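Student: Under the numbering used here, the first residue of the sequence shown carries the number 2, and numbering increases by one thereafter.
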Amino acid sequence: GRGGLERGDLLVAAGGAPLESVDTLFDAVEAVGSAGTLVLGVLRGTDEREVTVSLS
């Protein structure tokens, strides 16, 4: 919905780094902290986009 994540989206990057493992995602979340926002690279079908999610 509305620019966020949708079912079927494939996460391909987190915080500007290619998502090679779940550890990459955890590291990116840890780096911005619980009050920050994280930019995720998402592949939806053949369309790659960036989605910003709030961690607060």
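Glycine residues also receive a C-beta, built at the ideal position from the N, C-alpha and C atoms. Treat the numbers as computed from the prediction; the structure is a model and nothing was measured.
Buried or exposed: ALA15, going by 16 or more other Cβ atoms within 10 Å of its Cβ?
Tutor: In the sequence shown, the residue the question calls residue 15 occupies position 14. Buried is the call here.
Student: Using only CA atoms, which one of VAL54, GLY46, THR47 lies nearest to THR38?
Tutor: Residue 38 sits at position 37 when you count from the first residue of the sequence shown. Taking only the C-alpha atoms, the option nearest THR38 is VAL54.
Student: Tell me which residues share the same chain as VAL40 and place their Cβ nearer than 6 Å to its Cβ, disregarding the 5 neighbours each side in the sequence.
Tutor: As a first step, residue 40 must be located in the sequence shown, where it is residue number 39. For VAL40, where only same-chain residues beyond five positions count, the Cβ hits under 6 Å are GLU51, THR53.
Student: How many Å lie between ARG8 and GLU49 at the Cα?
Tutor: Along the sequence shown, read from residue 1 onward, the residue named residue 8 stands at position 7. Along the sequence shown, read from residue 1 onward, the residue named residue 49 stands at position 48. Approximately 15 Å between the Cα atoms of the pair.
Student: Report the three-state DSSP secondary structure of THR53 (helix, strand or coil).
Tutor: Numbered from 1 along the sequence shown, position 52 holds the residue referred to as residue 53. In the structure shown, THR53 sits in a strand (DSSP, three-state: E or B).
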